[in-house]
Structure formats: C-alpha cells, structure tokens
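Below is one structure, written out as structure tokens; comments come after it.
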Ligand SMILES: NC(=O)c1ccc[n+]([C@@H]2O[C@H](COP(=O)([O-])OP(=O)(O)OC[C@H]3O[C@@H](n4cnc5c(N)ncnc54)[C@H](OP(=O)(O)O)[C@@H]3O)[C@@H](O)[C@H]2O)c1
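Now the structure itself:
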C-alpha cells in the first residue's frame, strides 16, 4: 500500500483559496489509535473560522502547527488497528481529536479508538460524516449542561442549520417540546423535523411569539442573547455555543447560562447512532463536494444559510 495520500492542506490562514489539494505522507497510528480510510468528511463553521485564523487555532497561542489538515467529522473504514476494540473492516464515525487537529480532509486519518463509534448502519458515509460534531454539540448542550428532560420546553435557534436540524430531532426523540427559529424559506423543512412551534425570525421579535421555555439553545450570534433571555423561564437555561456567557449575565436574567465547547464522546455517538438507526433522527445534506472542491464546500457553509449539512465525498 502507498505511504502517501491525497489531502487538502492549509499552510497559512486565509480565505477558501488557501486550501490546497496535495500529496502528503499517510499518517501512522500509535498505540490506542486506528488508521481510518476516510469515505466522507463533514464541514462545520469552525472549519472556516479556523482557516480564517479566528477559530480553534486561538488555543495555540500563535503557534498553530502549519501545515494542517482541517476537518473533524469523519466517516470511514478501519484499515489498521492498534486498539483491541476495532479491527480492519469496521465501519466507524467520529469527531476526531477536537479541539486538536482532526485531519478529516484526506484519504486517511489516525484517530484515538476511544473517540470513535460504529457508523449507524442505516445511513451512508456521507450522511454519517454530517453527524458527529453537530450532534455531540446538541447532546452536550441540551442534556449534559441544561439537563433537558422529557416534557420540558426548549427553543432551538437556527433550527434549519447543521446543529439545529439535529438538535430539534434529538430533543423530540427524548420527549421535549421544541420550538425552532429559521427564515420563512425554511418553514416546511423545520416543521418536517417535528417542531411543535415554528418561529420565522424574519417576521419580527420572536420574544412575544414563544411562551417561556426551560432552555434556549443559542446557536446564533451573541447579539441575539438579550432577546433570547426574555423567553427563558426563571431559573431556566441559556446554553450558548457562539460566545461566552458570564455568571453576571445569567444572574441578571434570573437564569443559568454558560457557553460550551463540544468534546469527543464515543458513548454519546453510539446513543446518537441508535436514534438514527431507529429512524428518529434523519440527516439532511445541503451539498456533497469532492475532495478537490473542498474550498467550494467552505464557501457554501460560510454563506450562513446551509440547510442541514455540507460534506466532502472523499472518493467523489
Ligand atoms: N461551541 C461549540 O462547541 C460549537 C459546536 C458547533 C457549532 N458551533 C457554532 O454554532 C453556530 C451554528 O453552527 P451550525 O453548524 O448549525 O451552522 P450552520 O449550519 O452554518 O447554520 C446555518 C443556519 O443558520 C440559520 N440562521 C442564520 N441566522 C439566523 C438567525 N438570526 N436566526 C435563526 N437562524 C439563523 C440559517 O437559517 P436560514 O437560512 O433560514 O436563515 C441556516 O439554516 C456556528 O457559529 C458554529 O461555529 C459551536
């Protein structure tokens, strides 16, 4: 087998043109890792933010390890294993190494076995690559952080987006009452996800439109937080994934609030995979691009109006 592979690399921060298709050394797994032949890779907003120099790179304190292969969401097949838990041929999906370098825009990546889970059998690799980062974020915000329970009420912002379209379905599957915001063009789509209430954010102030909720899942710009707080019940939660919430801010609104950063979790990926295989969560793909069009996939997501997810088909 060749010891090189095709990958999309980034040698310096910049716009989508900074992404280059190159031939690079194939990575070698260490103890506890597997080598995955990547079949599809998911694109998330953190990918283009990092490419621009305003994403996860900020944790490196100016020492970002260029050249890097961006991307964290992977669906593929184990081809070499240095873990007792996986054998060659296993089909897996993962959010690899987040917030370190994931290396998903490539034909192969090494991934710690503890971060991977079996690919949901009922969906394609392209669909599976759309899931990990967005679904884990939803799970960790709604259940680990806000403790959302069956019968409680949640408002999911950007319900048509990558995170939102999965959050709505996951919350519904767990028995919550769900409202979702999107523009009017996405009304049918968001209703089709199962929301109990659709809110057109273009129709004016949503605060009067939604009765108080136990949790707001804040997936949109921080500037909308003051309005979002107005629909949180006293003592309820605002969980942000787009900007820090100070204890003082939460206290001044008589609620609980925090920002979370998603972390790898194989057990949660298994639970999410079960919901998918049970038919309770469906994946919507807004775009599937071949590896040499990764820059176009970035531009698509940067547009800010993705319906569902955008993925790279590595063999496409
Ligand atoms: N902290 C973390 O761990 C974490 C994890 C995942 C994501 N994030 C962040 O969360 C944000 C959302 O991620 P994503 O993957 O869901 O992004 P995305 O897929 O790009 O979101 C696109 C969606 O946003 C909707 N939208 C835009 N403006 C809106 C508004 N004012 N109100 C309601 N909906 C609006 C659009 O709907 P219309 O087309 O109808 O306008 C579109 O469907 C990003 O900033 C991302 O970086 C953070």
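Residue numbers (my numbering): 245 to 560. We put the beta carbon where it would ideally sit given N, CA and C, even for glycine.
query	result
Rounded to whole angstroms, how far is the Cβ of residue 541 from the Cβ of residue 531, which I believe are closer than 8 Å?	6 Å
Grouping DSSP H, G and I as helix and E and B as strand, with all else coil, what is residue 495?	helix
Are the beta-carbon atoms of residue 481 and residue 391 separated by less than 9 Å?	yes
Buried or exposed: where does residue 304 fall if 16 or more other Cβ atoms within 10 Å of its Cβ makes it buried?	exposed
Which residues share a DSSP beta bridge with residue 287?	554
At the level of alpha carbons, what is the spacing between residue 247 and residue 534?	22 Å
Does the distance from the C-beta atom of residue 318 to that of residue 373 stay below 9 Å?	yes
Measuring from the CB of residue 366, is there a heavy atom of ligand 1 at a distance below 8 Å?	no
Here's the rule I'm using: 16 or more other beta-carbon atoms within 10 Å means buried, otherwise exposed. How should residue 378 be labelled?	buried
Return the bridge partner residues of residue 461 from the DSSP annotation.	400, 483
Can you tell me whether residue 529 is helix, strand or coil according to DSSP?	strand
Comparing C-alpha positions only, which one of 494, 513, 313, 409 sits nearest to residue 363?	513
How is residue 504 classed by DSSP in three states: helix, strand or coil?	coil
Here's the rule I'm using: 16 or more other beta-carbon atoms within 10 Å means buried, otherwise exposed. How should residue 430 be labelled?	buried
Starting from residue 272, trace the alpha helix (DSSP H) both ways and give me its first and last residue.	Looking at the DSSP string, residue 272 is not in any alpha helix (DSSP H), and its letter there is neither H nor E.
Please state whether DSSP places residue 252 in a helix, a strand or coil.	strand
Could you tell me whether any non-hydrogen atom of ligand 1 is closer than 8 Å to the CB of residue 508?	no
Pick out whichever of 382, 506, 255 has its Cα sitting closest to the Cα of residue 417.	382
From residue 544 to residue 406, what distance separates their C-alpha atoms?	12 Å
Could you check where the alpha helix (DSSP H) with residue 472 kicks off and where it finishes?	469-473
Would DSSP call residue 319 helix, strand or coil?	strand
Quick one: give me the first and last residue of the beta strand (DSSP E) that residue 444 is part of.	441-444
Does the beta carbon of residue 377 fall short of 8 Å from some heavy atom of ligand 1?	yes
What does the alpha-carbon distance come out to for the pair residue 292 and residue 546?	7 Å
Would you call the CB atoms of residue 409 and residue 486 closer than 9 Å?	no
If residue 279 sits next to residue 324, beta carbons under 8 Å apart, how far is it from one beta carbon to the other, in whole angstroms?	4 Å
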